[in-house]
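*Asks:* Dropping a structure here in C-alpha cells format, bear with me for questions.
Number of protein chains: 2
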Amino acid sequence: MDAHIEDIARCEGQTVTLKGWLHNRRSSGKIHFLTLRDGTGFIQAVMSKQTVGEEAFTRADHLGQETSVVVQGVVRADTRAPGGYEIDVTSLEVVGESHDYPITPKEHGVDYLMDRRHLWIRTPRQHAILRVRHEIIDAVRDFFNGRGFILADTPIFTPAACEGTTTLFPVQYFEDTTAYLTQSGQLYNEANAMALGRVYCFGPTFRAEKSKTRRHLTEFWMVEPEMAYATLDDVMELGEALIVAIVERVLERRRTELETLERDVSRLEAVKAPFPRMSYDEAVEILKKEGLPFEWGGDFGGTDETVLSQRFDRPLLVHRFPSAIKAFYMKPDPARPELALGVDFLAPEGYGEVIGGGERLADLDLLLQRIKEHDLPQEAFEWYLDLRRYGTVPHAGFGMGIERTVAWICGLEHIRETVPYPRMLYRLYP
Amino acid sequence: MDAHIEDIARCEGQTVTLKGWLHNRRSSGKIHFLTLRDGTGFIQAVMSKQTVGEEAFTRADHLGQETSVVVQGVVRADTRAPGGYEIDVTSLEVVGESHDYPITPKEHGVDYLMDRRHLWIRTPRQHAILRVRHEIIDAVRDFFNGRGFILADTPIFTPAACEGTTTLFPVQYFEDTTAYLTQSGQLYNEANAMALGRVYCFGPTFRAEKSKTRRHLTEFWMVEPEMAYATLDDVMELGEALIVAIVERVLERRRTELETLERDVSRLEAVKAPFPRMSYDEAVEILKKEGLPFEWGGDFGGTDETVLSQRFDRPLLVHRFPSAIKAFYMKPDPARPELALGVDFLAPEGYGEVIGGGERLADLDLLLQRIKEHDLPQEAFEWYLDLRRYGTVPHAGFGMGIERTVAWICGLEHIRETVPYPRMLYRLYP
Chain V
13 MDAHIEDIAR CEGQTVTLKG WLHNRRSSGK IHFLTLRDGT GFIQAVMSKQ TVGEEAFTRA
73 DHLGQETSVV VQGVVRADTR APGGYEIDVT SLEVVGESHD YPITPKEHGV DYLMDRRHLW
133 IRTPRQHAIL RVRHEIIDAV RDFFNGRGFI LADTPIFTPA ACEGTTTLFP VQYFEDTTAY
193 LTQSGQLYNE ANAMALGRVY CFGPTFRAEK SKTRRHLTEF WMVEPEMAYA TLDDVMELGE
253 ALIVAIVERV LERRRTELET LERDVSRLEA VKAPFPRMSY DEAVEILKKE GLPFEWGGDF
313 GGTDETVLSQ RFDRPLLVHR FPSAIKAFYM KPDPARPELA LGVDFLAPEG YGEVIGGGER
373 LADLDLLLQR IKEHDLPQEA FEWYLDLRRY GTVPHAGFGM GIERTVAWIC GLEHIRETVP
433 YPRMLYRLYP
Chain Y
13 MDAHIEDIAR CEGQTVTLKG WLHNRRSSGK IHFLTLRDGT GFIQAVMSKQ TVGEEAFTRA
73 DHLGQETSVV VQGVVRADTR APGGYEIDVT SLEVVGESHD YPITPKEHGV DYLMDRRHLW
133 IRTPRQHAIL RVRHEIIDAV RDFFNGRGFI LADTPIFTPA ACEGTTTLFP VQYFEDTTAY
193 LTQSGQLYNE ANAMALGRVY CFGPTFRAEK SKTRRHLTEF WMVEPEMAYA TLDDVMELGE
253 ALIVAIVERV LERRRTELET LERDVSRLEA VKAPFPRMSY DEAVEILKKE GLPFEWGGDF
313 GGTDETVLSQ RFDRPLLVHR FPSAIKAFYM KPDPARPELA LGVDFLAPEG YGEVIGGGER
373 LADLDLLLQR IKEHDLPQEA FEWYLDLRRY GTVPHAGFGM GIERTVAWIC GLEHIRETVP
433 YPRMLYRLYP
C-alpha cells in the first residue's frame, strides 16, 4: 500500500510503500538507520542485514544523500522516534542516484544556500516555513471568503504608478507602450468594491527598491481587502480579526512545523484581540521619551517601529499619520485635516509593519486637489476619479504583506526564507 | 439592522438598512420602483408617496443611475420578484450623486465598455461572471489543499525563458540585468515537487503574443500542480477530477449567476467522469475524415480543437503528441520515442484547451540533449538539471488556465470578460 509519511499513524502494523528520498544515513555493522523524506515528512527506516539479506544490505552501504528510493516496510510505533513511528525495511529500490550532494548536514553560508535554493528547500527547516506559508495563505482566503468578500484579481500590468514612480519596474509592453508592474491593487480594488461591495485581491506586487534590508523583496505577495461603506474603524477591526484568525490557524494545524523552527509559541498564543491602538501623536511622544531623535511629521524607521512594538505582546495599531507622508488617496481626518485616516499594524518582536491601510478619499474635489499636489498626471487617473463622480461612498481597506507575516509567525530573522524563490536586489537565480 | 441583499431572505418582515447604489428607476405617479444593488445582489425597493411623504418622494424623482443611497425599509416576500423579496421603503438618503452615468441599460459597443471597465463591472452580467470566477478559484484551491498539495509560489521574475523567447516580456531589473516575466511556474514547480512531494503554484503568467483572438490575454492566471513519483496517467486522472470538482461546485453554489448569464446548465451537468481520451494519432485520423487539411506532425489550431471537442459532451483528452511540437522538458513515450507523454484537455462547445501537461523528462542525459536541440543556454538551466543529478524521480503535472475555464463555464464568447481588467495587445487601460 502506498503511503505518505504524514499519514503514517494510520498504517501502524501494516506493510507500506514509501516513495521518497534518502535524507540521511548512519550505520552500525548490521543495521542501516535511514532517514527518509517524501515531501510530507521525515521518518526513520531501519534496515537490518538479517531481514533484507547480505546483498541488499551491502547495496545500501553507499547510497548518497538525496538518492531517490522506494522503500517497503512495516510501520512500527516507537515513542523515541520524532514522529512516533519507524519503518522496518523489507525492501529498498534505488530510483535515481545522488552523488556529492552539495548541501550536507554541516553549516553552509547563506549565499551558498541561496545559489542552491532549489535544493535548499528540501531541508526540514525550509519545509516547515513553506508549510506555514501555505497555511497562512489558506487561512487568509478562508477568512475573506467566509465573510462574503469576492476575490477580484487586479492587473499586474498597469498604465500608471500608484505610489511614487522611483520604485516602479517598467516593462516594454508592445511597440512604444510602457507598462508598469503593479505596486498595489489598491486603486482597482476601489473600483471593484464599488461594483461588488466587499472584495479582495491577492497576488504578487513589485517594488524596485534598492534596499538590502532583511525586510525587503522586489517581488512579494500581498492580500488587499477593500470595503464599500466602510471607515478606518472597520479596517482596524477587520485587520485585527484577520491576524487573530491566521495565528489561531497556524497554532492549530502547524504545531509540528513551529517546533521544527524552534518558534516560541507562547509569543503567538498571546496574540489575541483586542490589539493595542495608539495615535501617531502618542507614538511620537513615546519615541521622544525613549530618547530617539524623532520629530513629529516623519515616517517611522525600522528602529522606531521596533521600539514601539516591543512594548506590547501583540500587534500594535498606530493610526492617524501626517497626511504629508501618506499616499494621495488617503482621507484626511475631519477633526484634524493635517492627519490621514490611516493605520499601520506593527507586528510584535520587532517584525515591523505587516498591515497598512485606512479610509480612502471619497470626495472628488479634494481628490483632484491631491493629485495636483502630488504632481500626478490627472489623465491617468480619470477612471479612478469616475468612482467619485458616479455614486461615491465612504470606503476603506488595507494591504497585508504575506512574506512579512510569514517571517513574523515563523520567527525568521530574514524575509528571504519566506518564499520559495526570493527576488532581491542581487538575487534573480535560480 | 444593516443587511446585505444576498442575505435578505433571513430578514423577512424586518426593517433593514441597505447601503448601495441605484441601478435603475421607474415611476408611476405615486410609486417609485427603485432597483438597488449593493454588490451582493439586486433587489426592487418600492417607495410610495403615501409612506415617505411628498417631500422625500419628490427628492427621489431625479436620482440618476448609480447614485449611492442608504435605504431603510421592510422586507416583504413577493413571489413575482426575481429574488423572491422586495423592500417597502421607509426612508432614503443620498450618499453620493451620479449624473449622466455613461453606461445605460441600452446597448454599448465593446470598446466603449472596455474603456469603462471600472464601471462596466457594476452590471448584473459582469457581477455574475466575477462571482463564478471567484467560485472556480476557490474550488481549485479546495481541491488541491484537500488532497495534500502544498501551495508553493513560483517567481514572476525569471532569469530565463521556459518555452520559447519570442513571447517573453523583458523587464529591466537592476543596472544591466534583464529579467523575464514568467510564462509558467513549471520548472520551479518541479524543484518544489522534489522538495515537497505534491505542490501547486497559482499566479499570473505572461505571454507577449501579438494575437488578437478571443482566447488570448497577455496576462492570465494559471494553476499548475506538480507531483513527484507520478506519470501521464496520474495527470489525466488529476485533471479530470479537478474539472469535475469545479463544475460541481459552480452548479451547486452559483446557479443564480449561471441563470443571469443564460448559461445552458445541462451542458455543464453532462460534465462527469470519465472523460473521453484519444491519442494524437486518432485525433489526426478524425480531422482527416472530416476533410480538414491537417497533416500528422502539426499542432492543432482553433478549428481543429473545435471539430474534435464538438464530438463529445465533456472535455476531451488528447494525449501523446509529436515531441517536435512540444516543450523540451516532456518525456518521450518509451514505446514510440517520437511521441511526448503529454496531454491536452479540450473543453466542449469549442472552448479549446483548458489544461495542458504531462510527464517530465527525468533522465539527465536526455534532458541535456534536448536543451541542446532546442538551442537553449545550458548554464541558465543548471539548477533545473540538478533535479536530475540528485535523486531524480518520475514526475508529472499540468497547467490550467483560469480565464479559459471561466469562459467555458460561463459560456462566454470572448475571454476579455473573464477577469476584472483584461490585458491585451491594445488594452492596458483602465
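Quick mapping for you: the protein sequence lines, in order, are chains V and Y. Be aware that the first sequence starts at 13, since it is given in our numbering, and climbs by one per residue. Be aware that the second sequence starts at 13, since it is given in our numbering, and climbs by one per residue. Note that beta-carbon positions come from the ideal geometry of N, C-alpha and C, so glycine has one too. These numbers were taken from a predicted model, which means no experiment stands behind them.
1) Nearest to residue 43 of chain V by CA position, among V/380, V/199, V/66, V/181, is which residue?
2) With DSSP as the reference, label residue 168 of chain Y as helix, strand or coil.
3) If contacts are defined as beta-carbon pairs under 8 Å, then residue 408 of chain V and residue 382 of chain V qualify, I think. What distance do you get, rounded to the angstrom?
4) Could you tell me which uninterrupted beta strand (DSSP E) segments, each at least 3 residues in length, are contained entirely in the region 400–429 of chain Y, listed from first to last along the chain?
5) Please name the residues in the region 102–136 of chain V whose beta-carbon is closer than 7 Å to at least one beta-carbon of chain Y, in chain order.
6) According to DSSP, what are the bridge partners of residue 97 of chain Y?
7) Find the nearest neighbour of residue 359 of chain Y within the set Y/289, Y/405, Y/386, judged by alpha-carbon distance.
8) Residue 308 of chain V by DSSP, collapsed to three states: which one?
9) Comparing alpha-carbon positions, which option in V/277, V/434, V/267, V/211 lies nearest residue 159 of chain V?
10) Output yes if chain Y places a C-beta closer than 7 Å to the C-beta of residue 444 of chain V; else output no.
11) Excluding the 5 residues preceding and the 5 following residue 169 of chain V in the sequence, name in chain order all residues of the same chain whose CB lies nearer than 8 Å to its CB.
12) With burial defined as no fewer than 16 other Cβ atoms inside 10 Å of the residue's Cβ, what is the status of residue 165 of chain Y: buried or exposed?
13) In whole angstroms, what is the alpha-carbon distance linking residue 389 of chain Y and residue 124 of chain V?
14) Would a check of beta-carbon distances place residue 338 of chain V closer than 7 Å to chain Y?
15) Quick one: give me the first and last residue of the beta strand (DSSP E) that residue 182 of chain V is part of.
16) DSSP state of residue 350 of chain Y, grouped into three classes?
17) According to DSSP, simplified to helix, strand and coil, what is residue 220 of chain V?
18) For the beta strand (DSSP E) that residue 365 of chain Y lies in, which residues bound it at each end?
19) Classify residue 122 of chain Y: buried if its beta carbon has 16 or more other beta carbons within 10 angstroms, exposed otherwise.
20) Based on the DSSP output, what are the partners of residue 123 of chain V in its beta bridges?
21) Give a yes or no on whether the minimum CB-CB distance between residue 209 of chain V and chain Y is below 7 Å.
22) Excluding the 5 residues flanking residue 16 of chain Y on each side, which residues of the same chain have their C-beta closer than 7 Å to its C-beta?
23) Could you tell me whether the Cβ atoms of residue 142 of chain Y and residue 427 of chain Y are closer together than 7 Å?
24) Within 7 Å of any Cβ in chain Y, is that where the Cβ of residue 157 of chain V sits?
25) Report the residues of the region 252–284 of chain V with a CB closer than 8 Å to any CB of chain Y, ordered along the chain.
26) Rounded to whole angstroms, what is the Cα-Cα separation between residue 217 of chain Y and residue 332 of chain Y?
27) Determine whether the beta carbon atoms of residue 203 of chain Y and residue 130 of chain V lie at a separation below 7 Å.
28) The beta strand (DSSP E) with residue 206 of chain Y in it runs from where to where?
29) Give me whichever residues DSSP pairs with residue 103 of chain Y in a beta bridge.
30) Output the distance between the C-alpha atoms of residue 234 of chain V and residue 410 of chain V, rounded to the nearest integer angstrom.
31) In the DSSP output, what is residue 14 of chain Y paired with across the bridge?
32) Out of V/54, V/55, V/47, V/85, which one is the CA nearest neighbour of residue 64 of chain V?
33) Is it the case that the region 23–31 of chain V contacts the region 97–107 of chain V, given that we only count it when at least three CB pairs across the two stretches are under 8 Å?
34) Measure from the C-beta of residue 97 of chain V to each C-beta in chain Y and report whether the shortest distance is under 7 Å.
35) Kindly indicate which residue of Y/144, Y/291, Y/305, Y/187 has the alpha-carbon position closest to the one of residue 267 of chain Y.
36) May I have the straight-line CA-CA distance separating residue 245 of chain V from residue 325 of chain Y, to the nearest angstrom?
*Replies:* Reading from the atomic positions:
1) Looking at the Cα atoms, V/66 is the closest of the given residues.
2) Residue 168 of chain Y: coil per DSSP, three-state reduction.
3) Not confirmed; about 17 Å, so no contact.
4) As far as the region 400–429 of chain Y is concerned, its whole beta strand (DSSP E) runs of at least 3 residues are 407–413.
5) 107, 108, 110, 113, 130, 131, 133, 134
6) Y/89
7) Y/289
8) DSSP places residue 308 of chain V outside both helix and strand once states are collapsed to three, so it counts as coil.
9) V/211
10) No information on residue 444 of chain V is available, as it lies outside the stretch 13 to 442 that chain V covers here.
11) 183, 185, 191, 192, 193, 194
12) Residue burial annotation: residue 165 of chain Y is buried, with at least 16 other C-beta atoms found within 10 angstroms of its C-beta.
13) 22 Å
14) no
15) 182–184
16) strand
17) Residue state, collapsed to three classes: coil.
18) 364–371
19) By the neighbour-count rule (16 or more Cβ atoms within 10 Å), residue 122 of chain Y is not buried but exposed.
20) None; residue 123 of chain V has no bridge partner.
21) The beta-carbon of residue 209 of chain V is placed less than 7 Å from the nearest beta-carbon of chain Y.
22) Answer for residue 16 of chain Y: 50, 52, listed in chain order.
23) no
24) It does; some Cβ of chain Y falls within 7 Å.
25) none
26) 25 Å
27) yes
28) First-last for residue 206 of chain Y: 198–208, but that is the alpha helix (DSSP H), not the beta strand (DSSP E).
29) Y/84
30) 10 Å
31) Y/29
32) Ranking the options by Cα distance to residue 64 of chain V, first place goes to V/85.
33) yes
34) no
35) For residue 267 of chain Y, the closest of Y/144, Y/291, Y/305, Y/187 by C-alpha to C-alpha distance is Y/144.
36) 51 Å
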